[in-house]
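A short worksheet on the structure shown next.
In our numbering, the protein residues as written are 5 to 210.
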């Protein structure tokens, strides 16, 4: 936590040094982007995820995309586990790992287009960026609407209502670890449905 706070403070100082009000953006908007980028860079320094885990997480989304494309229905955990040749227990462990990995998952989508958080920070004060980011927000909302109702509920509780895993578990009648697994399944399903080409250049999905 102390390292993250320090990284954010450095991002704030750099914002003060580089901010140009003539571009039309507020300092708060510009600084928040640079601070977030600095903190994500710090998190990446401590990224524990081995390449094998990253590969399996990508494979999970690919299997979900394939199953849903072939069957025309939502891919269940059992479907995906079978498609990956994994036991249910190993698959659920992977789901939990994927949540820990999720800090980097949205940035990975940007890297597919040759963008990066650090390199794009100065571009966020461009009015064109805000138009593109708004369009992406609408696209992201449309993808969320395609999720099963239960998964939409978990997203709303976690990101909109800011409930913790224990609180969500009480609402759903399941354990905290199960909520974490459901969250991982949601992230995998969204990765399988998001089109990287729809992400505007320089946008940083939350």
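Just so you know, even glycine gets a beta-carbon here, dropped at the ideal spot from N, CA and C.
Thinking C-beta only, is residue 92 closer than 8 Å to residue 82?
Taking 8 Å as the Cβ cut-off, residue 82 and residue 92 qualify as a contacting pair.
When the Cα atoms are used, what is the spatial distance from residue 119 to residue 172?
Residue placement at residue 119 cannot be trusted, given a pLDDT of 42 that sits under 50; the coordinates are not used to answer.
If you draw a straight line from the alpha carbon of residue 190 to that of residue 23, how long is it in whole angstroms?
37 Å
With DSSP run on the structure shown, which of helix, strand or coil describes residue 121?
Note on residue 121: pLDDT 37, under 50, position unreliable in the model; the coordinate value appears next. DSSP places residue 121 in helix when its eight states are reduced to three.
Grouping DSSP H, G and I as helix and E and B as strand, with all else coil, what is residue 24?
coil
Between which two residues does the alpha helix (DSSP H) containing residue 156 stretch?
Taken as a continuous stretch (DSSP letters only), the alpha helix (DSSP H) holding residue 156 covers 153-159.
Taking the C-alpha atoms as reference points, what is the distance between residue 13 and residue 39?
So the alpha carbons of these two residues sit roughly 7 Å apart.
For residue 192, which of helix, strand or coil comes out of DSSP?
Assignment of residue 192 by DSSP, reduced to helix, strand and coil, places it in the helix class.
DSSP state of residue 179, grouped into three classes?
coil
Distance check for residue 16 and residue 129, CA to CA, integer angstroms please.
Low confidence applies here, because residue 129 scores a pLDDT of 47, under 50, leaving its location unreliable and the question unanswered by this model.
Just to confirm, is the Cβ distance from residue 98 to residue 43 under 8 Å?
Between residue 98 and residue 43, the gap from beta carbon to beta carbon reaches 8 Å or more.
Use the C-beta contact count for residue 89: other C-beta atoms within 10 angstroms, 16 or more gives buried, fewer gives exposed.
exposed
Which same chain residues end up closer than 6 Å to residue 108 when comparing Cβ atoms and leaving out the 5 residues on each side of it in sequence?
Note on residue 108: pLDDT 48, under 50, position unreliable in the model; the coordinate value appears next. Hits under 6 Å: none found.
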